[in-house]
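Asker:
Protein chains in written order, with the working numbering: chain A, 20 to 629; chain B, 50 to 285.
#1: Reducing DSSP to helix, strand and coil, say where residue 196(A) ends up.
#2: Report the residues of the stretch 378-395 of chain A with a CB closer than 8 Å to any CB of chain E, ordered along the chain.
#3: Using Cβ-Cβ distances below 7 Å, what residues of the stretch 80-101 of chain B are close to chain A?
#4: Helix, strand or coil for residue 228(A), going by three-state DSSP, please let me know.
#5: Counting only beta-carbon atoms, is residue 83(A) nearer than 7 Å to chain B?
#6: Could you please give the first and the last residue of the uninterrupted alpha helix (DSSP H) stretch that includes residue 371(A)?
#7: Please return the same chain residues whose Cβ sits closer than 6 Å to the Cβ of residue 259(A), not counting the five positions on each side in sequence.
#8: Can you tell me which of 238(B), 74(B), 102(B) puts its alpha carbon nearest to the alpha carbon of residue 194(B)?
#9: Do three or more CB pairs link the stretch 243-255 of chain A to the stretch 269-281 of chain A at distances below 8 Å?
#10: Can a CB atom of chain A be found closer than 7 Å to the CB of residue 183(B)?
#11: Is the beta carbon of residue 236(A) closer than 7 Å to that of residue 190(A)?
#12: Find the nearest neighbour of residue 95(A) within the set 61(A), 49(A), 73(A), judged by alpha-carbon distance.
#13: Could you tell me whether the stretch 106-115 of chain B touches the stretch 145-157 of chain B, using the rule of 3 or more Cβ pairs below 8 Å?
#14: Here's a check: name, in chain order, each residue in its chain whose Cβ is nearer than 6 Å to the Cβ of residue 242(A), leaving out the five neighbours to either side.
#15: Per DSSP, what are the beta-bridge partners of residue 113(B) in this structure?
#16: Quick check: the Cα distance between residue 368(A) and residue 211(B), rounded to an integer number of angstroms?
#17: Quick check: the Cα distance between residue 558(A) and residue 217(B), rounded to an integer number of angstroms?
#18: Label residue 124(A) either buried or exposed according to how many other C-beta atoms from any shown protein chain fall within 10 Å of its C-beta, with 16 as the threshold for buried.
#19: Note down, in chain order, all residues in the stretch 62-78 of chain B with a beta-carbon under 8 Å from any beta-carbon belonging to chain A.
#20: Closest to residue 273(B) by CA distance: which of 56(B), 81(B), 61(B) is it?
#21: Let me confirm a value: residue 620(A) is counted as buried when at least 16 other C-beta atoms fall within 10 Å, else exposed. Which label applies?
#22: Is there a Cβ from chain B that is less than 7 Å from the Cβ of residue 557(A)?
#23: For residue 127(B), would you say it is in contact with chain A, using Cβ-to-Cβ distances shorter than 7 Å as the test?
#24: How many angstroms separate the CA atom of residue 562(A) from the CA atom of residue 147(B)?
#25: Check for me: the alpha helix (DSSP H) holding residue 169(A) runs from which residue to which?
#26: Taking the alpha-carbon positions, what's the residue 84(B) to residue 128(B) distance?
#27: At a CB-CB cut-off below 8 Å, which residues of chain A make contact with residue 222(B)?
#28: Are the stretch 159-178 of chain A and the stretch 285-305 of chain A in contact at 8 Å, needing three or more beta carbon pairs?
#29: Scan the stretch 30-46 of chain A for residues whose Cβ lies nearer than 8 Å to a Cβ of chain B and list them as they occur along the chain.
#30: If you follow the alpha helix (DSSP H) that residue 129(B) is in, where does it begin and where does it stop?
#31: To the nearest whole angstrom, what separates the beta carbons of residue 152(A) and residue 67(A), a pair I think is in contact under 8 Å?
#32: Going along chain A in order, which residues have a C-beta closer than 7 Å to the C-beta of residue 153(B)?
#33: For a cutoff of 7 Å on Cβ pairs, would you count residue 131(B) as touching chain A?
#34: Would you mind stating whether residue 244(A) and residue 131(A) have Cβ atoms separated by less than 7 Å?
#35: For a contact defined as C-beta to C-beta under 9 Å, what are the partners of residue 479(A) on chain B?
#36: Are the CB atoms of residue 334(A) and residue 321(A) nearer to each other than 7 Å?
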């Protein structure tokens with residue numbers, strides 16, 4: 020969610036500088052995705068800072084707004100919060116004939132107010148600037164006022180053109196097949212699970228999600244109905260999902276807002292409209308609120324909170340926090356009973372208070388402590404994991420190298436319903452993928468310096484009857500596959516110590532090297548030398564003349580004696596990270612090496628290259 | 050070439066998994082394992098995921114065709130539930146501490162940092178007084194032994210349905226902070242769902258992606274390299 024620093028400052032003038040504030044967010048509230056400085060168009064050379072913060076799901080009830088965040092910061096940092104209420108002039112209300120009928124329990128509160136004699140036009144500069152900071156375009160003063168209220172207090176609100184609709188407002192479930200032309204001119208077919216706002220004849224809006232074209236506020240609108248409502252979050256989410264719509268209003272409604280927020284939002288919206296349209300006449304608010312949100316109490320103990328955090332917290336510290344956060348509370352002997360503020364739908368159990376207190380104090384206050392469970396807890400060896408370790412150890416010792424392949428395949432017995440990939444089946448064996456791996460590695464076997472590629476995989480396979488841990492291993496000739504159970508003979512089970520390696524500490528020297536994507540060229544060179552000449556003497560000459568394209572070698576792969584002479588055979592593998600090497604250029608290098616070896620100046624007699 | 054038998058090369062993920070498991074078993078954790086194809090009770094319900102939680106959408110989770118109520122596990126946390134259910138059934142009482150290495154699945158498009166299959170390591174410790182302070186000790190001790198003595202950790206507030214309080218844990222390595230783990234104090238509903246009295250017992254859980262840790266430890270640039278069956282990866 021985007022938060023404007025200057026907007027916050029309006030409520031909390033003592034808020035710390037943006038960089039410091041970013042830290043406060045990170046360690047006491049939520050993650051900061053980004054922090055961007057933008058010009059503040061209202062002030063010469065002014066600047067604003069826009070935070071993109073990830074409000075946590077459990078605080079999305081009350082923190083998807085500037086006021087919410089400002090209140091939280093004021094309490095957290097113990098700084099002044101400027102209450103906006105006295106600034107909002109309450110328009111004197113006229114009697115109203117507005118009728119509202121709530122016919123679905125998915126509407127938890129519906130407040131409506133008729134405002135007459137408004138003048139639709141451009142918004143004041145500050146409104147345009149604030150909306151721009153939120154990445155929004157100004158539309159007209161009425162629509163903008165509604166958006167400002169949402170970004171300010173978190174309550175989505177809406178305005179209908181009173182003269183384009185008939186009679187009373189009805190909040191009900193849609194009829195199957197009923198349709199609505201939306202503000203963006205799409206024709207929506209509604210289902211009975213969708214909640215709508217309607218007049219006697221037509222659907223006017225899909226509740227909380229999309230307004231209809233018919234009652235749209237336009238330049239000629241004179242009289243409007245303001246809507247401040249609270250809808251069931253799951254209903255909102257399902258309908259919005261079905262229509263594939265992601266709006267700021269949806270996000271707030273589906274996160275479950277407190278119906279109590281409505282009164283403030285109506286007050287804020289009304290006074291904003293009064294500010295923009297001083298001649299407007301406000302009628303009384305009709306407020307249908309069948310089941311008032313109940314006041315909840317929550318009990319917790321200083322002892323339990325201290326025990327959860329592993330930090331000794333005093334009664335005074337907790338009282339200090341409760342006061343800063345404006346909780347009503349009673350305390351008796353370390354047992355607290357608090358009245359949960361209506362917006363704090365997240366606070367339901369003792370552990371929630373442990374979190375609240377922990378994050379406010381800061382988790383850096385908690386010092387690491389050795390747990391005492393070791394005295395009574397005696398861990399046992401896990402059978403499956405031990406078998407995997409022994410199997411792997413045996414295969415490695417027998418010269419097999421380990422690979423891992425994908426579980427998802429083109430065919431199989433178990434299928435997934437939807438997948439981001441085109442392979443929708445789970446593997447029924449490891450061998451198929453191991454064969455592919457074998458072919459890949461055989462092409463590269465010169466690079467590994469072994470004569471025979473031997474590989475294995477340990478992993479789960481999935482059949483109709485269930486999953487099973489398998490082992491597959493093999494070489495060029497044959498791949499064998501068996502279950503882990505069958506692979507492990509009883510003698511393994513007598514092993515007491517698991518082959519678990521200690522962490523490697525030599526990693527700075529052994530960082531991963533990405534391989535070249537270009538082909539390599541392997542060449543051999545065999546040399547006859549007199550008995551007594553060491554292979555190192557030959558490889559030294561090769562090294563001095565092989566250039567910088569050799570990625571492996573010279574590697575001595577053959578050695579035999581005939582009479583008074585010894586033959587050494589070396590292998591060189593050439594590869595570039597930037598291009599495909601050509602035969603002629605490698606030939607040239609090989610010729611250079613051969614010539615050096617044959618040259619009398621090199622070693623006195625000149626060796627013979629086979 | 051020498052006649053002596055050549056040792057095969059281990060996959061880098063196996064190296065990392067075994068090192069991590071070794072440290073945690075040294076710290077007193079028992080290894081636990083669980084199924085990769087899982088029912089929704091163990092993967093979601095018992096872990097306090099509400100019925101309409103977004104993680105339960107098909108866009109995020111692999112559901113199994115013709116087997117309603119079954120998924121490819123999205124985390125190793127399912128094994129917490131299996132372990133605790135059996136533990137209680139066997140008539141045993143906390144404390145206990147387990148560590149769960151295993152493969153998990155997410156239905157998402159792949160790139161250098163994301164795979165549809167990857168490995169997680171999960172830890173769980175429950176007792177009468179197991180606290181956030183104990184969790185800090187376990188994680189700090191682990192990363193000191195795993196990455197080096199200079200490793201540091203810090204907690205930030207976060208949210209997961211199966212813990213309360215919940216944390217994001219950052220780890221400092223080579224002077225750089227990295228967001229590596231999700232963690233928290235096990236939610237009382239999770240203990241209750243397994244038959245453990247949350248009034249009496251409490252504890253912590255944590256989990257992290259082993260592929261990511263292996264990438265950091267070895268300097269491997271792309272998570273997809275782990276599953277190509279290409280031996281050029283086995284450099285360690």
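Yeah, the Cβ is synthetic: ideal placement off N, Cα and C, and Gly gets one too.
Just so we're clear, the structure is a prediction, and the values are computed from it rather than from any experiment.
Answerer: Well, looking at it:
#1: Taking the first residue of the first chain as 1, we reach residue 196(A) at position 177. Residue 196(A): coil per DSSP, three-state reduction.
#2: Among the protein chains in the structure shown, which are A and B, there is no chain E.
#3: 80, 81, 82, 84, 85, 86, 101
#4: Counting from 1 along the first chain, the entry for residue 228(A) is found at position 209. Three-state result, residue 228(A): coil.
#5: The sequence position of residue 83(A) within the first chain is 64, counting from 1. No, because no Cβ of chain B sits closer than 7 Å to the Cβ of residue 83(A).
#6: Here residue 371(A) corresponds to residue number 352 of the first chain, with the count starting at 1. That run of the alpha helix (DSSP H) goes 369-380.
#7: Position 240 of the first chain, counting from 1, holds the residue named residue 259(A). Closer than 6 Å at the Cβ level, and outside the excluded window around residue 259(A), lie 228, 269.
#8: Residue mapping note: residue 194(B) aligns to position 145 of the second chain, counting from 1. Checked all of 238(B), 74(B), 102(B); the closest Cα to residue 194(B) is 74(B).
#9: yes
#10: The residue you call residue 183(B) lines up with position 134 of the second chain. So yes, residue 183(B) belongs to the interface.
#11: Locating residue 190(A) in the first chain gives position 171, where the first residue counts as 1. Locating residue 236(A) in the first chain gives position 217, where the first residue counts as 1. No, Cβ-Cβ distance for residue 190(A) and residue 236(A) is not below 7 Å.
#12: Within the first chain, the letter at position 76 stands for residue 95(A). Of the candidates 61(A), 49(A), 73(A), the one whose C-alpha sits nearest the C-alpha of residue 95(A) is 49(A).
#13: yes
#14: Along the first chain, one-based indexing puts residue 242(A) at 223. For residue 242(A), where only same-chain residues beyond five positions count, the Cβ hits under 6 Å are 135, 181, 182.
#15: In the second chain, residue 113(B) corresponds to position 64, counting from 1. 435(A), per the DSSP bridge assignment.
#16: Numbered from 1 along the first chain, position 349 holds the residue referred to as residue 368(A). Numbered from 1 along the second chain, position 162 holds the residue referred to as residue 211(B). Each residue's alpha carbon lies about 14 Å from the other.
#17: On the first chain, position 539 is the one that residue 558(A) refers to. On the second chain, position 168 is the one that residue 217(B) refers to. Each residue's Cα considered, the two are about 54 Å apart.
#18: For the purposes of this step, residue 124(A) is taken as residue 105 along the first chain, with counting starting at 1. Result: exposed.
#19: 62, 63, 64, 67, 68, 70, 71, 72, 74, 77, 78
#20: Taking the second chain and counting its residues from 1, the one referred to as residue 273(B) is at position 224. Ranking the options by Cα distance to residue 273(B), first place goes to 61(B).
#21: In the first chain, residue 620(A) corresponds to position 601, counting from 1. Exposed, by the Cβ-count rule.
#22: Indexing the first chain from 1 puts residue 557(A) at position 538. False, the Cβ-Cβ gap to chain B never drops below 7 Å.
#23: Taking the second chain and counting its residues from 1, one reaches residue 127(B) at position 78. No, its Cβ sits nowhere closer than 7 Å to a Cβ of chain A.
#24: Residue 562(A) sits at position 543 when you count from the first residue of the first chain. Residue 147(B) sits at position 98 when you count from the first residue of the second chain. Answer to the nearest angstrom: the Cα atoms are 53 Å apart.
#25: Residue 169(A) sits at position 150 when you count from the first residue of the first chain. Counting along the chain, the alpha helix (DSSP H) containing residue 169(A) begins and ends at 160-172.
#26: In the second chain, the residue the question calls residue 84(B) occupies position 35. In the second chain, the residue the question calls residue 128(B) occupies position 79. Straight-line Cα distance between these residues: approximately 8 Å.
#27: Counted from its first residue, the second chain places residue 222(B) at position 173. Under the 8 Å cutoff, chain A gives no residues; its nearest Cβ is about 11 Å from residue 222(B).
#28: yes
#29: 45, 46
#30: As a first step, residue 129(B) is located in the second chain; it is residue number 80 there, counting from the start. Where residue 129(B) is concerned, the enclosing alpha helix (DSSP H) stretches over 127-138.
#31: Stepping through the first chain from its first residue, residue 152(A) is reached at position 133. Stepping through the first chain from its first residue, residue 67(A) is reached at position 48. With 8 Å as the limit, residue 152(A) and residue 67(A) qualify as a contact, their Cβ atoms being about 6 Å apart.
#32: In the second chain, counting from the first residue as 1, residue 153(B) sits at position 104. Simply none; closest approach about 11 Å.
#33: Residue 131(B) sits at position 82 when you count from the first residue of the second chain. Taking Cβ atoms only, chain A never reaches closer than 7 Å to residue 131(B), which makes this a no.
#34: Here residue 244(A) corresponds to residue number 225 of the first chain, with the count starting at 1. Here residue 131(A) corresponds to residue number 112 of the first chain, with the count starting at 1. For residue 244(A) and residue 131(A), yes; Cβs fall inside 7 Å.
#35: Position 460 of the first chain, counted from the first residue, corresponds to residue 479(A). Those within 9 Å of residue 479(A) in chain B are 84, 85, 86, 152.
#36: By 1-based counting over the first chain, the position of residue 334(A) is 315. By 1-based counting over the first chain, the position of residue 321(A) is 302. Going by C-beta atoms, residue 334(A) is nearer than 7 Å to residue 321(A).
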